[in-house]
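Below is one structure, written out as structure tokens; comments come after it.
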Amino acid sequence: MQDAILTLQKYWSDNGCMITQPLNTEVGAGTANPSTALRVIGPEPWSVAYVEPSVRPDDSRYGENPNRLQTHTQFQVILKPDPGNPQELYLGSLRALGIDLGAHDVRFVEDNWASPALGAWGLGWEVWLDGMEITQFTYFQQVGGVTLSPVSVEITYGLERILMNLQGVSHFKDIAYAPGITYGEVFGQNEYEMSRHYLDDADVETNHRLFESYASEARRMLDLELPIPAYTYVLKCSHTFNVLDARGALSTTERAKAFSLMRGLTHESAKLWGQRRAALEYPLGTAAAPAPAVRAALPTVLNTETLLFEIGVEELPYADVRAATDGVREAITSKLAATRLGHGAITAMATPRRMVITVEKVEPREPDTVKTVRGPKAAAAYRDGAPTPALLGFARSQGADPSDVQVLDVNGVDYIALTREAPGRTAVEVLSELLAEVVSELRSSRNMRWNDPSLSFSRPVRWLLALLGSTPLPIAVSALASGTTTRVHRTAPDPVVQVTSAVGYAHFLQMHGIMLDRQSRRDAVVRGAHEAAAEVGGFIDVAGEAGLIDEITDIVEYPHPVRGSFDEGYLDLPPSVLTTVMRKHQRYLPVLDGEGRLMPYFITFANGTCDDDVVRSGNEGVLRARYEDAAFFWRTDLKVSPQDFRGRLDKLTFEDRLGTVADRADRIAALARDLAERAGLPQDAAATVRRAGELAKFDLASQMVVEFSSLAGVMAEEYARRAGESAEVARALAEMELPRSSGGALPAGEAGAVLSLADRFDLVTGMFVIGAVPTGSSDPYGVRRAAIGLLNVLRSVPGLAGLRVADGLRAAAERYAAQGVDVPAERLAEAAELITRRYEQQLTEAGHEHRLVQAVLVWADRPAHGDRTLAALERHVGTEAFEGLTAALQRVLRILPGDGAEGGAEAVDRTRLTAPAELRLAESAEAVRQALRGREDDLTALVEVSAPLVAAVNAFFDEVLVMDPDLAVRAARLALLEDVARLARTTLDWSAL
1 MQDAILTLQK YWSDNGCMIT QPLNTEVGAG TANPSTALRV IGPEPWSVAY VEPSVRPDDS
61 RYGENPNRLQ THTQFQVILK PDPGNPQELY LGSLRALGID LGAHDVRFVE DNWASPALGA
121 WGLGWEVWLD GMEITQFTYF QQVGGVTLSP VSVEITYGLE RILMNLQGVS HFKDIAYAPG
181 ITYGEVFGQN EYEMSRHYLD DADVETNHRL FESYASEARR MLDLELPIPA YTYVLKCSHT
241 FNVLDARGAL STTERAKAFS LMRGLTHESA KLWGQRRAAL EYPLGTAAAP APAVRAALPT
301 VLNTETLLFE IGVEELPYAD VRAATDGVRE AITSKLAATR LGHGAITAMA TPRRMVITVE
361 KVEPREPDTV KTVRGPKAAA AYRDGAPTPA LLGFARSQGA DPSDVQVLDV NGVDYIALTR
421 EAPGRTAVEV LSELLAEVVS ELRSSRNMRW NDPSLSFSRP VRWLLALLGS TPLPIAVSAL
481 ASGTTTRVHR TAPDPVVQVT SAVGYAHFLQ MHGIMLDRQS RRDAVVRGAH EAAAEVGGFI
541 DVAGEAGLID EITDIVEYPH PVRGSFDEGY LDLPPSVLTT VMRKHQRYLP VLDGEGRLMP
601 YFITFANGTC DDDVVRSGNE GVLRARYEDA AFFWRTDLKV SPQDFRGRLD KLTFEDRLGT
661 VADRADRIAA LARDLAERAG LPQDAAATVR RAGELAKFDL ASQMVVEFSS LAGVMAEEYA
721 RRAGESAEVA RALAEMELPR SSGGALPAGE AGAVLSLADR FDLVTGMFVI GAVPTGSSDP
781 YGVRRAAIGL LNVLRSVPGL AGLRVADGLR AAAERYAAQG VDVPAERLAE AAELITRRYE
841 QQLTEAGHEH RLVQAVLVWA DRPAHGDRTL AALERHVGTE AFEGLTAALQ RVLRILPGDG
901 AEGGAEAVDR TRLTAPAELR LAESAEAVRQ ALRGREDDLT ALVEVSAPLV AAVNAFFDEV
961 LVMDPDLAVR AARLALLEDV ARLARTTLDW SAL
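Every letter in the sequence shown is one number past the one before it in my numbering, and letter 296, counting from 1, is 296.
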């Protein structure tokens, strides 16, 4: 290991870095060292490398876990400013360490890094070596609340993991640290004793006092304007906080207060550091920005050609691959449409490292055209035959003589106008400007900056390839200029290759081991997984793993399947734990047997060809360590009862203004009991709701769910069963978390469904109460998903069909009010409106006719009944009976006043109704009312009994003047029509039809 440290020091020293020493106080990562956290602030260049022992009490495992240590060794590199090729420099360092990049699978996997305590964030990647994270690679965007300019690149190596791979050992204790001495011999005792200290023996009161003392001293140093000692004491606060956290000694309030304090002190230290460096006039100088690119001379292209345009990037997040493809296609399509340049089909394809646009049959130039420019009205252009200032100004703005103008008639009004010839531009001119705009306007859901002075995108744009046929197309945007080369796999003998033609580019890339077409990549993933699984008698659940397959498709340029295995002993863990580890952490596809049971195999995909045995061994080692961690959590959690876990929820924050997770669980339990009573659940189901409610959310305090949040509910069921709870209670605890997505599995039992509703009503109500409502694409608390979930449950569980959305929201609001939270009535109305709009969207997306959807939205409060009414409506619409009923009712509704004031049943004298048509209508309405008794909301029943009523309505309008001059008669007739309307309003919004 010491040789690896020396190798990295020499490599980065040779590449311009200063070598410094680790900090002499505990830090959780090399990032926290002032050589990073403070030095990246401000304009001074700063390239540095150093070893940093990184102390993380929560990672204590008594030295048992093969990968996880309370003190691990990082090697930290800061490159400020971004040199433009940091990934290539990093890969060079791996070669220097002796890693064969051709044999191994080295990948850059999306990671959006943030440190709330440091007020810092950046975008970048985890670097995986055969499935193991060995490095954190980040473009810092902000530190200490200060936006960074220039941007720094941080490279943080995990040395133990790299050395385990290099030396072929499966446990950190077996790493050769120096000749004849293992890592375990040097640090094994430290790991055990410090784990004992952090997890079992650290004195809580002493550490609370230390935290307060360190914070006080940091404050005093800031008052003395000494940022370095102030920040050093912030780091001591941070370590003490981590000790208390590992001991489970922090309440929600204490945690929030501590984070706020540390963040504030860090911000002040950072700003003060920046001010002090400015006052010293930046002793290290200031970093120069790259010079703007200069566009080459435009060539001449005389024939119709194909355009090839490639935007080369560092590895995009998988979700951005498709989004960026669509965005670039739309931008180029719309921009070309705004020109006169003729062209053929536009095709967009992408991989994680490139977005490629081809445009067929691009004509050599735009056609010439004639433009007419309209000026002032003719009446204002001349006075006494002489040009007015209005005419002179217009002619001057067009570079014309006043005598060149002509009169143009526009809708009968004469205007002064000029007719000008507009010669077409060449395709090269049009495309050079247009494509530069496309690059400069690139945006994603989350954007970053790098060394380019004006570009911003999901990840750095590093090259542009542009050809029109075989002719290079010059483009200059910010510091980037287009060329005629592309970049293929970094491990290729020639990673930069010349491209000579725009035609056949996808095939060209295929020859270099890159699948440009996404569908081809996805097909290769499915085919490769099937073949690898079949070799051991298994199969892949392609439909169930569709989301993961999509992700794999967009994180590689050439999917190469490798099958690995794991010890069958791990199959004793719950299958959901094993598959979650595979999917969430490793992007592995689980292999199933013919009965759908998990087999001890997995399929991973390397990015291109590799040494299968090397990559398989590495991935198997990673999974073994992951499963050891899961087994540790499992054994530890089984020692704690669900009731004890439930008692720990008061240390977890739900939302500062809405209390702890314990408060939320209490609200859910009470709300679930209320809903069960409203729904009239059978006694046994109601008892299940009560008991499951008492344990609601308990698994959120378990180590397994803290590590794997997607297992919430799943682990509740596992732990509850093993603690002796009934199968019904255990299942209800699991089903409370369903559905997990808009189209996800729903609760199968009524008890679980009631708890699911309570959970979602509490979330939606709470978020609206505090104003955390969804806006545009932002919905951090998943309010829309919760609204869709409660709708899906109400629509799908027959026993709960009678529950009303409004009742659920009101009951949830009552729980918040009992907690002392103010609940404005208008917030509940907004929440109900959101749910109505989600219901409307569900019906529309299911293909139902718009006007019919609008007609049944009156039932958004009871969506299951809305579904039944819509089905009935679709059966009846278009039939003679229904169309007659609709026409009659709309005649009634159109004549009634909007506020119903004139038709109030209480204030009229119905003895004034004496005409035969009036009496027949009154009798028909009463007959329908009696026929619908107990079925007032049944549309089919209304249609079946409505024929006499329809005839009576039509006769009434034919024979009676509703708006009689006698106000008493008019009021009586309107009241009669209101009676008819009331019959209809209980079924549909007839006005929508």
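Cβ coordinates follow ideal geometry from the N, Cα and C atoms, glycine included.
Of all C-beta pairs linking the segment 818-831 to the segment 677-688, fewer than three are shorter than 8 Å, placing the two stretches out of contact. When secondary structure is reduced to three states using DSSP, V980 falls in the helix class.
Each residue's CA atom was taken as its position, placing T135 and S54 some 14 Å apart. The segment 375-452 is shown to contain whole alpha helix (DSSP H) runs of 4 or more residues at 389-397 and 427-440, in chain order. Bounds of any beta strand (DSSP E) do not take in S170, whose DSSP letter is neither H nor E. Beta bridge pairing from DSSP links F632 with no other residue. Counting only runs of 4+ residues, the alpha helix (DSSP H) found wholly inside the segment 57-103 occupies 86-97, in chain order.
In the three-state reduction of the DSSP assignment, S195 falls in the helix class.
At the C-beta level, T147 and G124 stay beyond 8 Å of one another. The beta carbon of Y505 is closer than 6 Å to those of L308 in its chain, skipping five residues each way along the sequence.
With fewer than 16 other Cβ atoms from the protein chains shown falling within 10 Å of its own Cβ, G537 counts as exposed. Look at the segment 287-330 and you find these whole runs of beta strand (DSSP E), each 3 residues long or longer: 305-313. In this structure, the CA atom of T333 is about 19 Å from the CA atom of D320. The bridge partners DSSP lists for S152 are F140.
The segment 359-378 makes no contact with the segment 442-451; the number of CB pairs closer than 8 Å stays below 3. Within 10 angstroms of the beta-carbon of V405 lie 16 or more other beta-carbons, which makes it buried. If you check the CB distance, L199 and T240 do not come in under 8 Å. Within its own chain, the residues whose Cβ lies closer than 7 Å to the Cβ of L893, once the five positions on either side in sequence are excluded, are A981, W990 and S991, listed in chain order. At a Cβ-Cβ threshold of 8 Å, R383 and L408 do not count as neighbours. Residue ranges of uninterrupted alpha helix (DSSP H) with 4 or more members, entirely inside the segment 851-883 and ordered along the chain, are 863-876.
Of all C-beta pairs linking the segment 714-733 to the segment 688-703, three or more are shorter than 8 Å, placing the two stretches in contact.
At a Cβ-Cβ threshold of 8 Å, G513 and G608 count as neighbours. Rounded to whole angstroms, P472 and V496 show a C-alpha spacing of 17 Å.
Contact check between the segment 833-841 and the segment 781-797: three or more CB pairs, one atom from each, fall below 8 Å, which counts as touching. Counting along the chain, the unbroken alpha helix (DSSP H) around N207 starts and ends at V204 to D223. Every beta strand (DSSP E) of 3 residues or more that sits fully in the segment 547-618 is shown, in chain order, as 559-565, 589-592 and 598-607. DSSP assignment within the segment 10-46 yields the following whole alpha helix (DSSP H) runs of 4 residues or more, N-terminal first: 34-37.
The count of Cβ pairs closer than 8 Å, one atom from the segment 514-521 and one from the segment 560-571, stays below three, leaving the stretches out of contact. Distance check between S152 and each of R68, F75 and S47 places S47 closest, using alpha-carbon atoms only. F882 and F956 have their C-alpha atoms some 19 Å from each other. In this structure the segment 573-584 touches the segment 621-636; the number of beta carbon pairs closer than 8 Å is three or more. Using a Cβ-Cβ distance cut-off of 8 Å, the segment 294-312 and the segment 456-472 are in contact, since at least three pairs of beta carbons, one from each stretch, lie closer than that value.
Of Y233, E437, Y601 and V428, the smallest CA-CA separation from G342 is found for V428. Closest in C-alpha terms to Q167, from the list I99, Y588, E655 and D779, comes I99. When C-alpha distances from A350 are compared across V714, T369 and D326, the shortest belongs to D326. When DSSP reads this structure, I181 sits in a beta bridge with A178.
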